[in-house]
Amino acid sequence: MKATHSHGKADYFGILGSVLCIIHCLIMPALAFGSGFLQKFHTHEGLLSLDYLFIIVNGIAVYYATRDHKSLSVRILLWGALALFSVSLILESYSPVFTWLSYAGSALLIIGHLINIYICQIAPRLKFRVS
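For the sequence shown, our numbering gives the first residue as 143, with consecutive numbering after it.
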């Protein structure tokens with residue numbers, strides 16, 4: 143009997159969004175350092191910034207991953223990680239601390255989605271009781 147995951151692909155979507163954000167945040171400064179052209183077009187201002195896109199993508203993924211979830215701890219972890227991630231991305235131009243906090247928020251989102259996949263897909267197959 144195959145266990146169904148009522149959240150569909152939300153966890154995988156969230157993991158992908160967080161990993162892409164980490165890659166973007168790590169590679170873009172290195173590329174911008176070597177090229178004045180890229181530095182000119184990578185700003186954190188404006189409505190079309192990739193930071194806002196990552197916040198929206200991860201927000202949608204967290205919403206769909208937690209909307210019918212029974213585990214309060216997983217919901218708190220995912221929504222708390224999303225809040226940390228979002229606030230630190232928005233405020234990262236004010237202090238370097240927020241850049242590191244955005245990495246932490248992104249990592250927590252990945253961990254939270256992996257825990258959610260385990261609880262909803264893997265544990266039922268192994269017949270472990272997870273509450």
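Glycine included, each C-beta is placed from N, C-alpha and C at the ideal position.
| Item | Value |
| --- | --- |
| Through-space distance from lysine 151 to leucine 214, alpha-carbon basis | 20 Å |
| Arginine 217 (DSSP reduced to helix, strand or coil) | helix |
| Cβ pair count under 8 Å reaching 3, the region 243-259 against the region 198-212 | yes |
| Beta-carbon proximity check, isoleucine 261 vs valine 216, cutoff 8 Å | yes |
| Limits of the alpha helix (DSSP H) - the one that histidine 255 falls within | 238-259 |
| Rounded separation between leucine 180 and threonine 241 - CA only | Any reading at leucine 180 is ruled out, since the residue's pLDDT is 49, under 50, leaving its predicted position unreliable. |
| Contact under 8 Å by Cβ, glycine 247 with serine 230 | yes |
| The alpha helix (DSSP H) enclosing isoleucine 202, as first and last residue numbers | 192-208 |
| Status (buried if at least 16 other CB within 10 Å, exposed otherwise) for leucine 220 | buried |
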